[in-house]
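Written out below as C-alpha cells is the structure these notes cover.
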Amino acid sequence: MKINNDFLWGGATAANQYEGAYDEDGKGLAIADVITNGSHTVGRRITWKNPVTGDVGTIGINGEPLPQGAQPAVLEGYYYPSHQATDFYHHYKEDIALMAEMGFKCFRMSVNWTRIFPNGDDEVPNEAGLRFYDDVFDELHKYGIEPLVTILHFDCPVALINKYGGWTNRKMIDIFHRYAVTLLNRYKGKVKYWLTINEINHIDRIPVMAFGTLETSLQGRAQMAHNMFVASSMVVKSAHEIDPENKVGMMLAYKPTYPLTADPKNQILILENEQKIMFYSDVMMRGKYPEYRLKMYEREGIVLDSKPEDYELIEKYTCDFLSFSCYGGNTVTVDETNAENVGGNFTQGVKNPYLETNAWGWSIDPYCLRLACNTLYQRYQKPLWIVENGIGWADELVDGKVHDNYRIDYLQKNIASMRDAVVLDGVDLMGYTMWGCIDIVSAGTGEMRKRYGFIYVDKNDDGTGTLKRIRKDSFYWYKKVIASQGEDLS
Ligand code: BGP
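Per my numbering, residue 472 is the first one in the sequence shown, and the count goes up by one each step.
If you want it as C-alpha cells, here you go:
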C-alpha cells in the first residue's frame, strides 16, 4: 500500500526549541528564553523579577499566574535551554542538507516572533531577523523542500507580556495580525503553507509557558481563546488576499481517548474531555462557538469582551486545513483506585494495560493515527495534516552510532496506522511531519536526553557538547519510507 505522490513527507521543529541564538542579531526576549530546564520528575520553571522591589522568583509552567508586578526575566544561576538549543541558527545549511538527504518533501518550522519584532510591536521589523528566514526558505527550496511555517509556536515576546499582560488583552489581536502580515508579505512565493497557533488547546494546560499570559483564570483563558480566534481569522483573510496560493491551517493537540473500563461514566468523561479539545477546532474549522461551550460559559458566568464583527470574522475565515499533533492515545477512568497515572503531551491519563510506554510515560499506540484521522475528518470534512508524531527516547551514542530500533518500531506502527486512514478510509491527508526530526530541546521537560530525531545532536542536559550532527539508524529507515511512499516500512 502506497500513499499518493503529492503527500508531503517530512519533519517538524519549533524555533524556541531548536534555533538558539536567543539574543543575536537584534532578537528580543521571548517567554521561552526565561524557562529553565527540568526533567521527568522536576518541573520546568519560569523565572521572574519585580523591577520595582527587585524581588526574584519562579513559577511552574502549568498555569500558575505570575505574581503582581512580576516580569519574566533571565536570572543568574539558572540554565535556560532555549538560549542555544541545538543551534539551527548557525547550522541551518548543514541540517537542511541532511533533511534533503532523507528525501524530505516538507519541513515544519516556526518563526521566532522576537527575531522579527524584538518587542512584539516595534514600528519597523528587524531586517536581520527577516533575512535569516529568507535564507532558510531559500535553502529549503534549493532542495525542493516545501516549508510549513508555524507563526506562533510556544512563543510570546516578553515585552508584550509586560506591556499588555499578554493574550487576555484585545490589543494582542492587531499586534499578532501585523506580525503575521509582515511574514505573509515578505515570504510571498517562498512559503505557502502556514499554521497560525501551535496546539491552541494548550491554553487550558500551559497558558503562561505556551502563550505568555498573566491571567490564567477560566475567564482569562476564555478571553485568550477568543482573541486568538479573531486574530487567526484575520490572518486567514490576509493570507488569502496576499496570495491566493496560501493555505492556512489550525493546529490542535489531539489524541484518541480510551475508557479504562466499560463503565458508562468513563464514556461521559471522554465526551467532556473531547468537548474541551474540540471546542477549539469547532470554532476554527466550523466558524462558530459550539453550544456545549456557550452553555458552559453561561453556567460559569464567563462573559467575553467581544464585538459583533469578531463573530463575522470567525464565521467567514475558517482555516483551510486542520493540522494536529498525536503521539499516542490517552486512557481515562472515573475510578482511579487501582490505576497508575502516566503522562502525555501536557496531559495526564492512566496506564492502559494494552499499551507500552516510554520512559516519560507516553504511550506507544499503533492505532492512534488512524483513529485520530477518522474522528477529525468525519467531523470537519476538511484536509488534515499530521504535523507532530514521534517518540522521545534517551538515545545512546555508541562508537559514533545510534541504534534506535525502538524509534523505528514506533514509527513503523504509526505510519502503518496513518496509511490505513488514507488508503482504507479515504481520509484526505496532506502530509506527515515527524516531530523533532533532528534532536531539539524537549518542550515539556527542557531536557536534551528526551530525543526524537533521525539526526542525533551532541548536546547534553547541562549544555555541554560539540553540537555535532550524527545520522541515527532511523535516518536511513525513514529515507526508505519516503522513497517508497510509505510502502516499505521494513
Ligand atoms: C508538543 C509541542 C512540541 C513538542 C512536542 C513533544 O506539545 O508542540 O513543541 O515539544 O509536544 O513534547 P516534549 O518536547 O515535551 O516531549
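No residue lacks a Cβ here, since even glycine has one placed at the ideal position from N, Cα and C.
Just how far apart, CA to CA, sit N876 and K943?
-> 10 Å
Measure the C-alpha to C-alpha separation of Y751 and L742 and round it to an integer number of angstroms.
-> 15 Å
Continuous alpha helix (DSSP H) stretch holding A571: start and end = 559-573
Any heavy atom of ligand 1 closer than 7 Å to the CB of K930?
-> no
Since A501 sits in a beta bridge, which residues does DSSP pair it with?
-> P628
Looking only at its own chain, which residues have a Cβ that is under 7 Å from the Cβ of R641, when we skip the five neighbours before and after it?
-> N698, D776
Can you tell me which of D866, I616, D496, A887 puts its alpha carbon nearest to the alpha carbon of R602?
-> D496
Burial state of R692 (16 or more Cβ within 10 Å) = buried
Sequence-distant residues of its chain with Cβ nearer than 7 Å to A710 (five each side left out) = L655, W665, N717, V719
Cα-Cα, which of N885, A503, T802 is closest to V582?
-> A503
Below 8 Å between beta carbons: does that hold for G861 and I835?
-> no
Please go through the segment 640-686 and give each complete beta strand (DSSP E) segment of 3 or more residues, from N-terminal end onward.
-> 664-668
Just the C-alpha distance for Y500 and F700, rounded to the nearest angstrom, thanks.
-> The sequence as given places Leu at residue 500; Tyr does not occur at that position. Computed Cα separation, rounded: 25 Å.
Are the beta-carbon atoms of I415 and R516 separated by less than 8 Å?
-> This structure gives no information on residue 415, because the portion of the chain shown stretches from 472 to 961.
Identify which residue in G509, P538, H511, P552 has its Cα closest to the Cα of V523.
-> P538
Go ahead and label N475 buried or exposed: buried means 16 or more other beta carbons lie within 10 angstroms of its beta carbon, across all protein chains shown.
-> exposed
In the DSSP assignment, what are the bridge partners of G916?
-> The residue you asked about is not Gly; residue 916 is Thr in the sequence shown. In the DSSP output, where bridge partners are listed per residue, T916 has none listed.
Cβ of I668 within 8 Å of Cβ of S703?
-> yes
How should E490 be labelled, buried or exposed, when 16 other C-beta atoms within 10 angstroms of its C-beta is the threshold for buried?
-> buried
Any beta strand (DSSP E) of 3 or more consecutive residues that is wholly inside the segment 825-893 = 855-859
Where the beta strand (DSSP E) through R516 begins and ends | 516-520
Please determine, among K884, Y848, L882, P779, the residue with the shortest C-alpha to C-alpha distance to R757.
-> Y848
Cβ of W906 versus every heavy atom of ligand 1: is any distance shorter than 7 Å?
-> yes
R676: buried (16+ other C-beta within 10 angstroms of its C-beta) or exposed?
-> buried
Same chain, Cβ closer than 6 Å to I879, five either side skipped, listed in chain order | S945, W948
Answer with buried or exposed for K498, where buried requires no fewer than 16 other C-beta atoms within 10 angstroms of its C-beta.
-> buried
When you compare each of Q956, K634, K747, C908 to R887 by their alpha carbons, which one comes out closest?
-> Note that residue 887 is Ala in the sequence shown here, rather than Arg. Ranking the options by Cα distance to A887, first place goes to Q956.
Should the segment 606-615 be called in touch with the segment 587-596, which here means at least 3 C-beta pairs below 8 Å?
-> no
With DSSP run on the structure shown, which of helix, strand or coil describes W638?
-> coil
Neighbourhood of A892 by C-beta, 7 Å cutoff - its chain only, sequence neighbours within 5 removed | L840, R841, C844, N845, V898, L900
Going by alpha carbons, who is nearest to M680 out of T507, M767, A733?
-> T507
Distance, Cα to Cα, A630 vs W584?
-> 11 Å
Beta-carbon separation of M722 and T818 under 8 Å?
-> no
CA nearest to the CA of N801, picked from Y838, I911, V774 = Y838
Take the Cβ of H561 as the centre, count every other Cβ of all protein chains shown within 10 Å, and call the residue buried at 16 or more, exposed below.
-> exposed
Could you tell me the boundaries of the beta strand (DSSP E) in which P730 lies?
-> 728-730
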